[in-house]
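Step one of this worksheet: look at the structure below.
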Amino acid sequence: MSRYNPREAEPKWQSAWAARDAFKAGGPDAETSKPKYYVLEMFPYPSGRIHVGHSRNYAMGDVVARYKRARGFDVLHPMGWDAFGLPAENAARERGVHPGEWTYENIRVMRAQLQRLGLALDWSREIATCDPAYYRHQQAIFLKLLENGLAYRKTAKVNWDPVDQTVLANEQVIDGRGWRSGALVVQRELDQWFFKITAYADQLTDAIGDLDRWPEKVRTMQSNWIGRSRGAEVSWPLADPELAARFGDTIDVFTTRPDTLFGASFLALAPDHPIVKALAEDDPEIERFCHDCARMGSTQEEIEKAPKRGVDLGITVKHPFDPDWEIPVWSANFVLSGYGTGAIFGSPAGDQRDLDFARKYDLPVKPVVLPPNTDPADHVIEDEAYTDHGTIYNSRFLDGLGTADAIERAIAELEKVGLGKGATSYRLRDWLVSRQRYWGCPIPVVHCEDCGVVGVPEDQLPVKLPEDVTFDHPSNPLERHPTWKHTDCPKCGKPARRETDTLDTFVCSSWYFLRFTSPGSETEPFAPKDAEHWMPVDQYVGGIEHAILHLLYARFFTRALNDCGLMNLPGGEPFAGLFTQGMVTHETYKSSEGKWLLPTEVDRKDGQMVEIATGKPVTVGAIEKMSKSKKNVVDLDAFVDDYGADAARWFVLSDSPPERDVEYTDSGVEGVWRFVQRLWSTVTSLPDGAPGPSQVADGVSGPAQDIRKAAHKALHAVTDAIEGFRFNSAVAQVHDLVNVLRKYEPVDADGIAAKAEALGILVRMIAPFIPHLAEECWETLGGEGLVVDAAWPEADPALLVENTVTMPIQINGKRRAEIEVEKGSPEEAVKSLALAQDGVVRATEGLTVRKVIVVPDRIVNIVVG
RNA sequence: GCCCCUGUGGCGGAAUUGGUAGACGCGACGGAUUCAAAAUCCGUUUCCGCAAGGAGUGUCAGUUCGAGUCUGACCAGGGGCACCA
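For the first sequence, our numbering begins at 347 and goes up steadily by one.
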């Protein structure tokens, strides 16, 4: 018997699919009545090579794409490249290769790798975000956003590296120093571009509830990130008329607990609050405090460890409910300028931070919320604030109300006296999209001394990146380029300066799924007709690491594009179904010199891991997500050379549930190889002259009928598992059926027909998982055409039901025996049969049968005592 | 600190509605084949026990005729958010 050779079979079938354009999506103009289905995996950054870890994402999407095709859908399953980004610039610095050249070479390699996997992709729709044909439309979109007030410019605090002369992202600042230069990072105010995502904060929050095919976890994370909280804005009149004239009549604060207003003991302003800044100018103590706070590091750890500090500003405000009650105003380091109004009122009994602050500076602490079932005399605040709900007391007209009622009443009273109103605050900030980088989409505006910021007219797009740039200096090459930034104002024609910032690469990935719907569109980013036909994406597959930013930005973008009139996507949600897959993990290896080693550089010798090159022992480290940095990767090409693409696909879908991590092990791979060969030998064991795989072996009985039943049951189970994204269960079901089929040696024509039918079902069932082997089997079995075009088989309901059923018999909940009965046997008959069983008689001897529960066709439970 | 998720054999995991816990795969062990090995094939494999039997889904309680599944408290691991007022 011949062995299956993926090296020959896989390229052969891939050419066969390509020859008939098997995976080309139809679309709104196609002459088809098929319903559409858009399946998409998060497109990759072309970082170099694909490893087995990456392939899991694509394998899952491919199962869905092929399954839906077999189910009669017009499937759109495209692929492209998230091709702008910092690694290309780093490569340019380290190796002197142009970012574009490096990127396109990586794309070439990775495309070939993906094609070897045999994915059912419509390659005619391939896009790369660094292609001017793509980013010119992104620039057009930017101008639309600008026109509609959704893109704007403002000064913002950034991390500035004075040595590298560049802006650093928060994660590039380590212990207050630049990650590359090691220079102390300073906070600097720079003009930056923002997208007004906060305008959609409510919509983005409210719509989360409708995303019923998204993981709960992701929805929670999005909701937390937006961080909507309802409360009130409260205005505190400045006591000193002179100050009131200078700073406006009141200081406004945001609070979620207006019910605790009578517990107020101070106001605290952020160190960079305008009032604090102004007062600092003629008060050295305040000035020093502000200076200290500005210098404080921005890392989480530092913020966490920093003790509460403050300075008395020497001014007072009047309580909104009592003009005679004056409250001191402080500045405090724990108040954030970017949240709410940058000012709070301290109610120490009900907030731990306020309490810590009050204790440190000896400010009054008055409890105003009484915990349920507590005597006021027993409720004493020491070092722990009571932050929960309860009954309000010590609070005049709020006394006796519950927290929720008191909040409403307090807001109503604030509105009555004109010193406040109900308000909502968000954690979400506007999206800073400026990057001082070369390898990104240029922001298509020009700065003119007379006209200000002027958008580049559409007919002059794209604003292309210059090719001749140098990376010998860390700062932005666009800024340093001798000529690029000099241009004429599109409005008045006078010499002007181009914007040298490029867009955050998250912008590119916020609309690529729309571009896939009409990748050839030259005049528009996408044709609304195509976008409206294909959108939303029916099934999106990607890593959990994008649970917040990418998905939130995309959800913002589709809404913004709707509002700019570029399309009409009802509801505005881009991804109807989302699945977040787990990673592929692998052991890590470290040489005796402490360098990470590739799995191919180590070997097991006499039970010990050694480095092949040196023979020295190797430290086996933790099992971690496959990553280039830890070198615990298995290259996809090497894997496919050894075992074939099908084996890779089958492996990453086996064992672990798709949402969880799966560990790569050599023995697991060998198990897959065994399975592939076993499947092949099972298919080839069918004698010559057997009927084709689409035939139905009707009217057979005995073992032949049992085989048919097994196949149809497996089909039912696998169909269910695919629909429910439980690919590991589908794999187990397939294993089971193969085990049954390979042991079945038919002795007559009926048996052969039954086995042929069963194999036909099996082969169509595995086609979404291991499509090349499925084609090879289909051909061997004499199937019509290609299995890629075969319809998904239908399970015969008559074969899914059994005539008899095995019922376990429990005594006090413990299984003691089982009986085989006709399906639907009457309860009385089952009961007496059960009581007559040997095991039952033995176990009930000397005891009284108190009750017998018969659940028809399921179980019998006898209660004795 | 707050929020969420997960705890099942030696390992990954299955059990879709409260109804036979451990499917399927890996590993291990025994056997066949082989001069030998690889590969392949056939068995066994939750634990204790020779057996009869008993115990068993992180721990403790509860609901139920019956709990991996439902409820409460706790323990452990993972993730998210974090001076967000």
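Ideal placement from N, C-alpha and C gives every residue a C-beta, glycine not left out.
None of these values were measured; they are calculated from a predicted model.
Residue i to residue j span [Cα, whole Å]
| i | j | result |
| --- | --- | --- |
| I1157 | K1089 | 37 Å |
| E647 | K503 | With a pLDDT of 47 at E647, under the threshold of 50, the modelled position of this residue cannot be trusted; read the value that follows with caution. One C-alpha to the other measures close to 20 Å. |
| R655 | K706 | 8 Å |
| T829 | L897 | 38 Å |
| Q538 | R781 | 9 Å |
| E1168 | T1150 | 4 Å |
| E1166 | I1155 | 11 Å |
| D629 | W676 | 14 Å |
| G839 | V791 | 14 Å |
| V714 | P587 | 30 Å |
| S575 | I632 | 31 Å |
| D700 | A434 | 48 Å |
| T645 | N505 | Interpretation of T645 is limited by its pLDDT of 45, a score under 50 that renders its predicted location unreliable; the figure taken from the coordinates is listed afterwards. Those two C-alpha atoms are separated by around 12 Å. |
| I487 | I543 | 15 Å |
| D876 | D428 | 22 Å |
| S693 | P604 | 10 Å |
| S1013 | A355 | 24 Å |
| V815 | R826 | 9 Å |
| D805 | P836 | 11 Å |
Test item: CB-CB of residue i and residue j under 9 Å
| i | j | result |
| --- | --- | --- |
| E765 | T596 | A small correction: the amino acid at residue 765 is Leu; Glu does not occupy that position in the sequence shown. Yes, Cβ-Cβ distance for L765 and T596 is below 9 Å. |
| G609 | G696 | yes |
| S611 | V711 | yes |
| A1056 | D1096 | no |
| A547 | L774 | yes |
| V1134 | A1163 | no |
| T863 | L824 | no |
| A993 | V1029 | no |
| H932 | Y989 | no |
| W777 | F921 | no |
| A1099 | R1110 | no |
Buried versus exposed, by CB contacts within 10 Å (16 or more), residue i
| i | result |
| --- | --- |
| Q485 | buried |
| E387 | buried |
| F743 | exposed |
| R441 | exposed |
| S348 | exposed |
| S938 | exposed |
| D734 | exposed |
| V763 | exposed |
| N679 | buried |
| R1196 | exposed |
| S361 | exposed |
| A1213 | Outside the shown range of the chain, which is 347 to 1211, sits residue 1213, and nothing can be said about it. |
| Q927 | buried |
| D510 | buried |
| E1148 | exposed |
| D375 | exposed |
Given residue i as reference, the closest of the options once Cα atoms are compared
| i | options | result |
| --- | --- | --- |
| P345 | H1062, L463, A1100 | Because residue 345 is not part of the residues shown, which for the chain are 347 to 1211, the question remains open. |
| M881 | A752, A900, A893 | A900 |
| G573 | D558, R592, Q549 | Q549 |
| T475 | S856, Q459, G407, V1080 | S856 |
| D1066 | A1141, R576, A893 | A1141 |
| R1087 | A1076, A1095, K1101 | Reading off the sequence shown, one finds Leu at residue 1087, where the question assumed Arg. Of A1076, A1095, K1101, the residue nearest in Cα terms is K1101. |
| V564 | D818, A590, F925 | F925 |
| V409 | G1070, E1091, D670, Q806 | G1070 |
| S1178 | V1206, Y404, A1189 | V1206 |
| S741 | C1123, E728, D729, R755 | R755 |
| M913 | H879, G1035, V883 | H879 |
| P508 | D776, L530, P357 | L530 |
| R372 | D1082, R415, P390, T501 | For the record, residue 372 in the displayed sequence is Gly; it is not Arg. Nearest option by C-alpha distance: R415. |
| V883 | E919, K623, R905, H665 | E919 |
Nearest-angstrom Cβ-Cβ length linking residue i and residue j, presumed shorter than 8 Å
| i | j | result |
| --- | --- | --- |
| R523 | M456 | So it is not a contact: roughly 35 Å between Cβ atoms. |
| L944 | K977 | 5 Å |
| N334 | V887 | This structure gives no information on residue 334, because the portion of the chain shown stretches from 347 to 1211. |
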